[in-house]
Every structure is written in structure tokens, then in C-alpha cells.
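Peer 1:
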Amino acid sequence: MQAERAKSDTVEFDVRTDEMLINMGPQHPSTHGVLRVVLRTDGEVVSEVTPHIGYLHRSAEKIAEKLTVRQYLPFTDRLDYLAGMNMNLGWALTVEKLLGQRVSEKTRRLRVIIAELNRIASHLVAAGCFGLDLGSFTPFMWTFREREKIVDLFEEICGARLTYSYLLPGGVTAGPPDGWFGRCEAFLDQFEPVIDELHAVLTNNAIFIKRTAGIGVLPPEMAIDYGCTGPVLRASGVDWDLRRDGEPIYTEMYDGYTWQVIAPINGRYPDDHPYPPVPPEAVVGDSWHRFFVRMLEVVQSMYLIRQGIEKYSADDGELDKPIEIRKKLPKGEAYLETEAPKGQMGFMIVGDGSAVPWRVRIRSSSFCNISPLPELCRGVLIADMPAILASLDIVLGEIDR
Amino acid sequence: MNARNIYDLLLQPFRPWLLGHDFEAIDPWIEVSGEGLPEIARFLRDQDELAFDVLHCVTAVDYFEPDEKKAAKVEWQPHLELIYHLSSTKRRHRLVLKVKLPRWKDDRPGELPEVPSVSGVWSTADWHEREVFDLMGVRFLGHPDPRRILCPEDWEGHPLRKDYRMPTEYHGIQAR
Amino acid sequence: MAELLISISTPDWLAHIIAALVQCALLLAIALCSAAVGIWLERKVSARIQDRLGPTRVGGRFGWLQPPADGLKLICKEDIIPAAADHILFRIAPYISFCAVFCVFLALPFANGWVAVELNAGAFFLLAVAGLEIFGVILGGYASGSKWSLYGAMREAAQVVSYEIPLGLCVVVIILLTGTMNLVAIGNQQAGWFFNWHIFHDPFTFVTFWVYVTCAVASSNRAPFDLPEAESELVAGFLTEYSGFRWVFFFMGEYASMFVVSALGALLFLGGWNGPVPIASLLGLTPEHGAIGGWINTILGPIISMLGLTLDPAAWIGNLLGMCNFIAKAFLGMTFMIWLRWTLPRLRIDQVITTCLKYCVPIVSAMLAGVMLWSFFLPGGLFAALTQPASFPRSAWERTDSTLRVDGPQDVGEMQEEAGTRNVTALRSHAEHGNEGNIQEESR
Amino acid sequence: MACGPCQVAYNRVFGLFGGERSGDAEGSGRDEAPMRNWFRNVYQAVVTVSLALWVCLRYWFRTYNPRRKTFTEHYEYPELPLEIFPRFRGFHRFNLTTCIACERCARDCPAGCISIGKRRVEGKKGFQVSSYTIDYGKCMFCAICTENCPADCIYMGSSYDLSCYSREGCIVDFARLPVEVAWGQATLNPTAVARSKVVLEPVHGGPNS
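Protein chains in written order, with my numbering: chain A, 1194 to 1594; chain B, 191 to 366; chain C, 495 to 938; chain D, 15 to 223.
1. CB L1512 of chain A to CB G1364 of chain A, shorter than 8 Å?
2. Give the secondary structure of N1216 of chain A by DSSP, where H, G and I count as helix, E and B as strand, and everything else as coil.
3. Does the separation of the CB atoms of L600 of chain C and V611 of chain C fall below 8 Å?
4. State the Cα-Cα distance for the pair R107 of chain D and I158 of chain D, rounded to the nearest angstrom.
5. Between which two residues does the beta strand (DSSP E) harbouring M170 of chain D extend?
6. Report the neighbours of F102 of chain D on chain C: residues whose CB is nearer than 7 Å to its CB, in chain order.
7. Leaving out five residues on either side along the sequence, give the residues of the same chain with a beta carbon under 6 Å from the beta carbon of S540 of chain C.
8. Sorted by chain position, which residues of the same chain lie with C-beta nearer than 7 Å to R103 of chain D's C-beta, five sequence neighbours on each side aside?
9. Spell out whether any CB of chain A is found under 8 Å from the CB atom of L202 of chain D.
10. Closer than 8 Å, CB to CB, is I1307 of chain A near chain B or not?
11. Within 8 Å (strictly less), CB to CB, does V135 of chain D reach chain A?
12. First and last residue of the beta strand (DSSP E) that includes E748 of chain C?
13. Which runs of the beta strand (DSSP E) spanning at least 3 residues fall entirely within the segment 41 to 78 of chain D, listed in chain order?
14. Quick one: what's W608 of chain C bridged to in DSSP?
15. Taking 8 Å as the CB-CB cut-off, is K852 of chain C touching chain A?
16. How would you list, in chain order, the residues of chain D whose beta-carbon sits under 8 Å from the beta-carbon of I1498 of chain A?
17. So which residues of chain C does F53 of chain D contact, with C-beta pairs closer than 7 Å?
18. Whose Cβ in chain A lies nearer than 7 Å to the Cβ of I339 of chain B?
19. Assign A262 of chain B to buried or exposed, taking buried as 16 or more other Cβ atoms, counted over all protein chains shown, within 10 Å of its Cβ.
20. Looking at C-alpha atoms only, which residue of A:G1368, A:E1474, A:E1503 and A:G1539 is the closest neighbour of M1280 of chain A?
21. Is the Cβ of E723 of chain C closer than 8 Å to any Cβ of chain A?
22. List, in chain order, every chain E residue whose beta-carbon is nearer than 7 Å to that of K1290 of chain A.
23. Where does D1577 of chain A sit, in a helix, a strand or coil, going by DSSP?
24. Mind checking whether K132 of chain D and A115 of chain D have CB atoms under 8 Å apart?
25. Which of helix, strand or coil does DSSP assign to D1464 of chain A?
26. Quick one: which chain D residues come within Cβ less than 8 Å of I1458 of chain A?
27. Cutting at 7 Å between CB atoms, please list the residues of its own chain near G646 of chain C, excluding the five before and the five after it.
28. Closest to E748 of chain C by C-alpha separation, out of C:L663, C:A530 and C:I575, would be which residue?
29. State the CB to CB distance for the pair S1494 of chain A and S1584 of chain A, rounded to an integer number of angstroms; the pair is presumed to be in contact (CB under 8 Å).
30. Any chance the CB of G151 of chain D is under 7 Å from a heavy atom of the ligand GDP?
31. Between which two residues does the beta strand (DSSP E) holding M1538 of chain A run?
32. How big is the Cα-Cα spacing for A519 of chain C and I1313 of chain A?
33. Near G362 of chain B, what residues of its chain come up, given a Cβ to Cβ distance below 8 Å and the 5 sequence neighbours on each side ignored?
34. Per DSSP, S277 of chain B forms a beta bridge with which residues?
35. Using CA atoms only, rank isn't needed, just tell me which of A:E1241, A:Q1220, A:R1437 and A:Y1505 is closest to C1377 of chain A.
36. Going by DSSP, what residue range makes up the beta strand (DSSP E) through H211 of chain B?
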């Protein structure tokens, strides 16, 4: 693998001019936060890319060594702040794994609904920002409008619009209010046509296809090698989703649901929904596929939410109460990855018998997803940089922790 | 394949490098010695029945109690522990590898402990090892780009170590 | 104007200067107003497309006064010149850009004969001067001393060589059809009902129009061709280092150039000042004096002549209507460009060049050939052929004769040689009618 | 086509349009049939751009529908306060009279933003709270402080106007606030708090003013 990489190190040029070092970020509009990328360019052609991260480093792991697991939960919201619920869920499940605790069926149903709603919200931001990075502002506003409705639902259920702190280890702070599921379904019903509109303005748009198809191709071997996960990995044609392939404590949440892992297997997507066609220019693993996988996952999440609401309403069990704030952790370490919208979000907790973890490790999905950026961006044009970066869908809060 | 089977498979070629294991832990782990790490890693990745193609995470845990009163009670000797979380997309199994290191090389404070890099085996390790170096102070031999990653280049110390003290000033910026 | 001043015993030289200044002020007002209205339109239309309201506070419910308020804010801003910038070039670049756009207004006719400088090669002049705008952009980008700005400038340079060719060819198609480069003449040839417009002349001109739209969008640096200032790639491209008043000039230049290309499109393809329905000529507001026109002339004529002006009030009012029509069309074109901008993602620079050179140029070349053949066999246009198929092509000839009027001071003999035979009769009728009610006359 | 040159010419001309669709789903059909591709590209560009324009146009005109309006028109924030949900976690509400100064909230707070000053009262049980300070520069509105309060004296309020002009302004001493600001609407009944949170008049005179 090293040898292959060495070979691709050289970029072919027709005409060589003076090289230029150029700083993209940390205040660049399309680096999704405070990522800094140093480009070595020859004209418009990028010959070398060096990402510099750490501008948003907030010592999240060090903070965790001072707080109990329940107290640390609000900090997980700040990792991938676009999918706070999924971060909460990952932390909660890891704590439960360490404690050897299982939550009730009903709580698991609620967790699926909430986590999938937030997945939709996160993918909407990804889709909107993708459009924005390609210069199309309007879909960004549309996706944020839809996200706003999800955020309203979250505000109703947990009282916050961004940092939810809702799915706690052991349970939830409070059950959904009356009529919440009705509003949730109403949202899904009105949201469905919006997906088609997004397909019309982005996915199927000739310019969008030209800008993204065949750009930043990430072959499956390389994706696995770099530890890319989530939609980035699946867009490369790897059929891997922790909701199905993960550890039992996580996958049991999704038992009994009908849904599909979205990945282009042999260039084909699952056909349980009238998706727009794949353009012939698109290569599996390119930016277009990464975008498309997210758009299709939104549909799958909608299926999951609908089924979850049905199951939740049919279930007459009880919602669990969260753990005590100073609950003692057993000795030992537990590592669990969950399928967050951006990829596999892993938490490791090392317990030493007290309430405060000895060490917490956060394995962030975007951190791994962005690491092949130098490979993906070698030899592209400057204009492709935002497209590739947007297709990786990074959140700097998670990368820098 | 569970950790016990994997251990049995590793036993044959790498017996001297396997230093310990715990199959009953929440995440079963195998402890290997640092010098044999790259070869074991390569074996784990390339062996067809193992096929550990994904390295999820490289972590270090600092076992050191700065508080002397508490330090008397702890049951371990001060050391650093590197933890590698592996899994396989083909075989769908998981494994945790551990490498124990001294906190300082040759017990000389300030000399970072060294361990061979596995970034040649899994590219994930590239950035993760940089992060471990940055925050925990472990030198990875043979790493292609051994720089800090989250902290600035000129940062002093390794913040995730238990005895780390936050500087009061950084380039004239008051830090506390 | 000058004549009027001379008639009230102003010295010759002063009269001409005053007349020129007044015209310049009028045109500047049009340029600035078009920019202001364009900005307002942009904000409102984009807001509506994006499911929001846009400005609602400044100047009442619809935020009419938002552009002046923005301008005021920008003028109050600190004028920053980067230390690494080339100061002189950095300073003059916005003015070059704006002046180039403003020069276009000099040759842009707003109605039959209402033009500051009527040029025989008006279309040519327009294209050439509009192309100068990019000098400001390139200078500004170069002088900023910023790499992003430099990229913006270089992209603009690459873009301009690609879109100018199809843009020029699109105009050539119309010149071929009309046989004249005089914009007033081109506008007047499309008089009458909307099917006389060049866009409906034949399928080839229809396609040419859309190619023109593409190139026009590119020439005013608007999305999806806004590469020089691609905010998601180049921060703000050549505008990165500009702030305050200089930025305003670039900005107004952009909107004014949007207005210019829209107006040129309206003039070449959409009938210019001739509405879809020939209201002016139905009401008799033409030099021929129909019923209402004659009536107006009997009332206003004596007053006008008392003031010592040689003016045909009815035709003047007709022209005013035409001017409103023309400006409305230009704004319609701007609205379309705004609509397009807020819909599409941006192209990449190589794709811009590909689009212009590998797609637009072949298409418009084919259309040029098509129009050539079409105007040879069916010179009257598609609708004439469809409405009177039996007596075709003869009836089409007669139709041209009766509906087309060409005004403006042209050398008939010279034009006869250049123009297709179709226009000869039209030009003859022009020679007969003279050009009464022409502001041109007044201004000399 | 018998003769070779004819075949070549035929291929050269019609090969441009591509006899069959080149490549599988993964391959690029770019170079095989340039002419065919050219027309396909033009066709696709025209169709998809028109479609996108149409979708935008529909939005454009849909917003004029008086029943639908634009999305933002439903939120008239600066003029009218936002309608927020009962569980909203805004500025705290604190009841000084029932607080027993047990410091549980201060200990549970992950950010360490609560500090309580207390003094013994002669001849009485318990403490008197002399200051109850929350540093809103640190607070992250996680509501952990409200979870374990034995006296139910702290709640998350509904005020979302959180800005202040200085770091000192972020530090709010609830003991010094008038009771109607600290506890709001003069309601001291904790069960009524949830309902009273839905405020419909502008929020003003918050803890900072």
C-alpha cells in the first residue's frame, strides 16, 4: 500500500509554473470551521495538501478525567454539534456497556427515533453545505429550514436546540410530551417531497454532477485502510453499517426494523425507493456518491422513524430513568463505536472503581474521515477542494475535540 | 472468531512477544510487546482468517497517580498503556491489542518512551499516533510524519499525562 | 439640448458642455438606479426562492431603501488598503471597472433614437467596451497582493477569453439577420407584434438567444459563472481585499453590467422598446400620428413650438412608453439572471472554458449557418411563414415593408449595399418619413 | 459495408455518436463517443437546469400564498417573542426562600459555574443563603443542577436572551435579584413552573438588566 501511495505522489503537469503555497483556512468560508489546509499549487492545480487541525481543541478527553460520566454527557454534545443526540447515545451506550446495564425495550425504541431524527438533521446540513461549497446557496436554506423543524421537535422533547443532553446513560431525562409523535410524523410527511426537490436542484443537476462525479475518488481499500467510516466508507462500496454489524448492545436497538444499509454494491443501490438514477460519470467512491449515500440514508432513517413510532406506541413498557449522577464505575475498560451520522463514533472509558473515569478516549469519525484528504486532493483543481471537503462532511468540533 | 482463538493463532509464531491477555474483560485484549508490534499487526491484517483490516483507534492510558496518598493505594506500577482497537470488515470480529510502556524511557524523566509505528500497516495509525505522541508523549519509531497534531508545534509537555501541569502563559497569552 | 441652449443665447462651447454633462448625469442616474434596483431585486428574489422575506425594514414593508442603506453603511466603512498591495492600481481598479460599464450606457439606446451617442457600429462598440470591465477586475485582483485575489484575477482572464467569442457570435447572428450594427435600427426592425422579435424569427435565433443568455451571465460574472469571486473557493476572489467605497464600485459595476447585458439581450432578441403588443402604434403615438397621437399633437403641439422646440409630442410619449418597456425587459432579464444564480451551483474554471468554447461556440456557429440559410429562404421569419403560408414568401416581403421602420441617421446608399435586400424597403420608408421626434436631433 | 475504407469512414462518423453505451456503471463514458456525449451533455444541462429553475420558481411563488407564507415569516422574533416549549432550558429560575444551601447543584455542575454563599442563622436550623451566583459565561444549560435539588428550588427558565456586554455581566447573583425576576411572574408554586414558561410577551428585564 505504501508503494502505491509513493507512486501517486507525483502529479503530472502539462505546463509547469512557479509553485505557490496557499493557506486555505482557518478562516476560509468552506473549510467547515477552523480547519487549515496548506495547499501547494501550480496554477489552479493542487499538488500537495497538508491539513492542520487543532484550532478547536478543547481538551475534551482531559475534561472527562475530572467529571463523572453523567456530568460529562453535556460535553459529548459539543463533539459533533450537528448530531448531539447521536453523541449522547454513543456515550450512554458506552457507559452502559461498562456498567453491564441494559435499558428497557421502550427506551431503545425512543433512542432509535431520536437518533435517526438527528441523523436526518445532520445529513441535511451535510447536503446543504455541499451545495453551499459548490456555490449553490438555495438548497442550504431549504435544508436548514427542514433541520429547523427537527430542532423544534428536539426543543420540545429536551429543551435545547443544539446541545441536547437528552439520551443519558440508563435512560432519558423525560419521555416525549403528548402529541410529539404526531408532530414527528407530520414533519416526515411534509419532508418527503423536499427530498425530491433537493434531488432536483443538486443530485441530478448537470453542473452538480460535473463538479462532483469522479472527483476525490476514494477506493474501498484505501477507505478501510484510513479508517474512514459512515457514509464516506459506504459510498466507496463497502457494505458496512454498525447499526447492523456493530456490537449487540447497539444493534439490538435496531432489531425488528426493516431498513437497508445504503452502499453501492456492484455499482447498484438498493431499490426500495424511487431514487434518481446514478449518472454515468460517477465513479463509486467519488464525491457524488458520498453525497448520494447521505441523501438515501435520510430516506432509510425516515423508514426507521416511522417504524420506531409504531413500535413505541405499541409498547406498554416503561421508560428507564438515567443513572445516578455519582454512580461508581467498575474497574475495567469499555470501548464502543456507534454509527453516528458522520461515521463511527467511538468512546472508550477506563474505569478505576470511582465515579470519575480514569481515562476517556474519543475516537472521532471525522478525524479519520479527513485523514485521507492529502491523498484525495492530490492533483485536483482548487475548486475541487471544497467539493471533496464537503463530501467528507467533517465537523471540527469532533476532529479537534 | 473470539479473542481466545486469535490468541491461539498468534501463539504459534509470536509466543515470546505475547505478554498477557484477558478474555473475560468487557473488551477481550491481548498484550504484546512493543518490539513485536509491527509484525503482529501485519500478521493480523494479512492472515486470511484474521483479516483485521480496520484499525479503529490508537489510545494511550497513563497509569500514574500524582497524588502521593492515593498512589500508595493503587495496585499498578506507573506505566503507559497503548491500546489498539481492531476489527475486520470481512470476518466481523474485534480485538484489542495492548502494549505496555514505561512512562519515561529508561526512567529518565523527559525521555519519551518509544514504540514502533504501525502506520505502515494501517494508515489510520498515522494521525492517531501523532495524536498519542502529542497528547500522551509516546515516540513512534518509523512514523512518516512525527509532528504534533492538535497542540501547536511549540507546545511543551504532553497534556493527557496525569502529571501534566497547564502552563500559565503561552506566547504572552494568559492561559489560566 | 445644445440647440435649445444656443437658442437662448448661450455660447456654443458652453452649450455643448452643459448638454454633455446633462446627458452624462442622466445616464449615470440610470446606471446607478439600475444597480440599486438590481440589488434590491436580488435580495428580494433570492429571499423568496429561499423561503424567506428579505429586507423588510428599511423604507417600508418591502425594504425599498435597503440598497441606499447598504451603500451608506459601506461608504462609512474604513477604507483598507493592504500593505502588500500595489496602491495606485488597487485604488483605480474599481473605477476602471465601473467606468467601462458606464461607457456602455453611452451607446445603449433606450427607445427609438433615445441614445446618447448613436453609433453605426453600436453593437460592436457595446461588446468592445463591455469587455473592458474585466481590466478593473484583473488589476484589482493583481494589485491586492493576495493570492486568493490573484487567483480571482487569473480566472477572470481565462473566463473572458472563453465567453467573449460565443457572445460576439451571438451578436453576429443578429447582425446577419438585420444587416446593420446600428442598435437603434436593430430595435426598430422588431416593431409590431411580439412575433417580429428576433427571438421568434426562427428556431435558430431562439437557440442563439439562450446561448446569449449563457454568455451574458458569464460576462457579468454571475453564478454559475462567478468564478473570479467564488466565495466558497477563493474567499471572495478579486474582492477579498476590497472594502467600503471601492467595493461598492465593483459591486455597482457588476449590477450595472447585468443591466447592460440584459438590455442588450432585450434589444437584440426581445424587440427592444417594442412591446409584445404594439400599443404605441395602435394608439397612434408614432411619427405617423394615429387617432390619439394626432389628438395629443393638436393639444401639445402649439405649446411645444412656443417653447421653440422641434418635437413631436405624440411620438415622444410613444418613445417614453417604449423606454419603459425596454427597461422593464432589461429588469426581466436581470430577474432571470438572479433566479438562475440562486438555483445553480458554480462551474469549475475548466468547465466554464469547456462550456463556452466547446459547447456555446459550436452551437452558435451552427445557428449562424442556420440563420443564414433561413433568412435567405424565409426572410420574413417563422411566424410570417406560419400565418400566411399560402402567399409565402411574397406576403412576408410585404409584411416587412409595412411593419418595419428604421429610424436614425444612416447613409441609405451605403446601408443598401451592406444590408440584405429585406431591409432595403424598410430603409426607403425611413428615408421618406425622415426622423421626426428624435431626441437625437434635439441633443445635437 | 464491404470495403475497408467505407467501414473506417462509417465508424469514424457514427462512432462519434456511439453505437452502444460505453462502459459499465463504474467506467466513465467520456471518451468513447464524443459526439453522442456532447449532445447528451447539452440535453442534460438544459433539462436539469430547467428542472432546477422550475423547482426554485415554485418556491418563489409558493411563498406568496397567504396561507403558507415564507418560512421565516412565522417567526417575528424581534417584534414578537419566540414561542418556546415548556421544557426549554434558558436562564435559571431560582427560589431563594426554599433553598437550603446544600450545594448539591454546585457540586453536580459539570462546568462548575454555581457558587453559593451561606451563613448560619442563630437559633435556627440550616443555613441562610447570602448569595447564589451562576456564571453564565461558563453555564452550558445542561440542567444537571435542577435534577437533584432536594428543595426543588432551581429550574430552567424560559429566557433565551442570553447576551451581555461584559464578562462580569455574565455572573448573576440570584440572591440580589428581585424575586419576580429570579422566580418570574411571582409564582412560587413549582408545579406551575412548566406552564408558566410559555411566555407570550417580550422577555425583558432579565437577570442582567
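Note that beta-carbon positions come from the ideal geometry of N, C-alpha and C, so glycine has one too.
Predicted model, so just to flag it, every value in this text is computed and none were measured.
Peer 2: Reading off the structure:
1. The Cβ-Cβ distance between L1512 of chain A and G1364 of chain A falls below 8 Å.
2. strand
3. yes
4. If you take the alpha carbons of R107 of chain D and I158 of chain D, they lie about 14 Å apart.
5. I168 to M170
6. Near F102 of chain D there are no residues of chain C at all, since even the closest Cβ is about 24 Å away, more than 7 Å.
7. W836
8. Excluding sequence neighbours, R103 of chain D sits near F155, A157 and M170.
9. For L202 of chain D, the predicted model reports a pLDDT of 37, less than 50, meaning its position is unreliable and no value from the coordinates is stated.
10. no
11. So no, V135 of chain D is outside the interface.
12. No beta strand (DSSP E) holds E748 of chain C; the alpha helix (DSSP H) holding it covers G738 to L762.
13. Fully enclosed beta strand (DSSP E) runs of 3 or longer: not present.
14. C:A605
15. So no, K852 of chain C is outside the interface.
16. Neighbours of I1498 of chain A on chain D: none; closest Cβ ~20 Å, over 8 Å.
17. Under the 7 Å cutoff, chain C gives no residues; its nearest Cβ is about 10 Å from F53 of chain D.
18. Contacts between I339 of chain B and chain A, judged by CB atoms closer than 7 Å, involve I1246 and G1247 in chain order.
19. exposed
20. A:G1539
21. no
22. In the structure shown, chain E does not exist; the protein chains are A, B, C and D.
23. helix
24. yes
25. coil
26. Residues of chain D passing the Cβ test: none, with the nearest at roughly 11 Å.
27. Excluding sequence neighbours, G646 of chain C sits near G635, P722, E723, L728, G731 and F732.
28. C:A530
29. For a cut-off of 8 Å, the C-beta gap from S1494 of chain A to S1584 of chain A is around 19 Å, too long to register as a contact.
30. Of ligands this structure carries none, so the ligand GDP is not represented either.
31. Per DSSP, M1538 of chain A is one residue of the beta strand (DSSP E) stretching across G1536 to G1544.
32. 56 Å
33. none
34. In DSSP, S277 of chain B forms a bridge with B:V244 and B:R284.
35. When only C-alpha atoms are compared, the closest one is A:Y1505.
36. L208 to D212
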